[in-house]
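Undergrad: Residues 3 to 82 (the numbering used here) are what the sequence shown spells out, left to right.
No residue lacks a Cβ here, since even glycine has one placed at the ideal position from N, Cα and C.
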Amino acid sequence: MKAGDAAIELAERRVELERAASIARIQAAARGQYCAEEISGPRFCDCGEPIPEARRQAMPGCRRCVDCETFIERQSRRRA
3 MKAGDAAIEL AERRVELERA ASIARIQAAA RGQYCAEEIS GPRFCDCGEP
53 IPEARRQAMP GCRRCVDCET FIERQSRRRA
């Protein structure tokens, strides 16, 4: 895979994640399960998966599940 192809693939993946995150936020809000003002952070990640209580307790204010946070951090490191 060429470098340009990899960059395009990453960009497409990010768009997919952002779209899924938007849909998940809307669905969670409709169910009354998303509250961004909670001290421990939202109950659901942008991807729609629940953020485990243990993670919310350990990382107050976290907004993503471990998998999504890892993905975002890896993307950030590649750009730096």
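Could you give the distance in angstroms between the alpha-carbon of Cys-64 and the alpha-carbon of Arg-58?
TA: Cα to Cα, Cys-64 sits roughly 6 Å from Arg-58.
Undergrad: In its own chain, which residues sit with a C-beta less than 6 Å from the C-beta of Val-68, not counting the 5 before and 5 after it?
TA: For Val-68, where only same-chain residues beyond five positions count, there are no Cβ hits under 6 Å.
Undergrad: In this structure, what does DSSP give as the bridge partners for Pro-52?
TA: Pro-52 pairs with Phe-46.
Undergrad: Would you kindly check if the distance between the Cβ of Asp-48 and the Cβ of Arg-66 is under 8 Å?
TA: A contact, by the Cβ cut-off of 8 Å.
Undergrad: Return the CA-CA distance between Gly-6 and Glu-71, expressed in angstroms with no decimal places.
TA: Spanning the two alpha carbons is a distance of roughly 24 Å.
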